[in-house]
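Be aware that the sequence shown starts at 1, since it is given in the UniProt record's numbering, and climbs by one per residue. A short write-up of the structure that comes next.
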Amino acid sequence: MRTSRSRGFTLVEMLVTLAIFAVLLMIAIPSMRPFLQSQSVKNASMDINSTVALARSEAIKRNATVDVTANNAADWSQGWVVSQTAANVIRKQPALANIVITPSSGSFSFSGNGRITGTGATFTIKPVNKAGSQPLCLTVTVGATGRVESTKVTCP
């Protein structure tokens, strides 16, 4: 008579594996927080960069003034709107979580020739709850020609 040996994992083996995985996960999660915060800051910088490029190109394409206006003039992380007029919205940027974007002004505009109608705009992007010894903060400057420059700064 032949005995059949069962293949697979026993309950004890499975529980030991899950326990080891849980311990490794608990060690890894706290070290990921600074990385995730810096990625949020970089993503916000890229969102502003793409908004400037869109607003400038739409102003040139339409040969009209295109406005970029914040939902909250004191904190652009609440979202913003790119529009030709109040009724003609081109793009709405939703709110961004866990960051603060402090602007130099509540809005800026591009004229039909692709230049900013004012002197430009400056944004300071920082995480809400800073983690790690050196959290990433950026200053995004939009020049009169629409050129965007990001600079790493120390967080206040």
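Glycine included, C-beta positions come from ideal geometry on N, C-alpha and C.
Residue i burial status per 10 Å Cβ neighbour count (16 or more: buried)
i, result
"R7", "exposed"
"Q37", "buried"
"F21", "exposed"
"G146", "buried"
"F35", "exposed"
"F9", "exposed"
Contact set for residue i: own chain, Cβ-Cβ below 8 Å, skip 5 residues either direction
i, result
"T51", "V68, W80, V82, R91 and Q93"
"A64", "Q84 and G112"
"S40", "L96, A97, N98, I99 and P127"
"R62", "Q84 and G112"
"T130", "Per the sequence shown, the amino acid found at residue 130 is Lys instead of Thr. Q37 and C155, listed in sequence order."
Under 7 Å between C-beta atoms of residue i and residue j
i, j, result
"N98", "V128", "yes"
"I48", "S77", "no"
"I125", "S45", "yes"
"V66", "A73", "no"
"G106", "A59", "no"
Pairwise C-alpha distance: residue j and residue i
i, j, result
"V140", "T151", "6 Å"
"T154", "K42", "15 Å"
"F123", "F110", "17 Å"
"M14", "P135", "39 Å"
"L24", "R5", "33 Å"
"A86", "R33", "39 Å"
"V12", "I27", "23 Å"
"L138", "D75", "15 Å"
"P30", "G114", "45 Å"
"A144", "T17", "59 Å"
"F108", "S57", "14 Å"
"G118", "A19", "60 Å"
Own chain partners of residue i with C-beta closer than 7 Å, once the 5 adjacent residues on each side are dropped
i, result
"S104", "A121 and T122"
Close-in-space but distant-in-sequence residues of the same chain around residue i (CB under 6 Å, 5 per side omitted)
i, result
"V142", "V52, G120, A121 and V148"
Would you list, in sequence order, the uninterrupted beta strand (DSSP E) runs of no fewer than 3 residues that lie entirely inside the region 44-132?
Within the region 44-132, the beta strand (DSSP E) runs of at least 3 residues that lie entirely inside it are, in chain order, 66-70, 80-83, 89-93, 99-103, 107-110 and 121-127.
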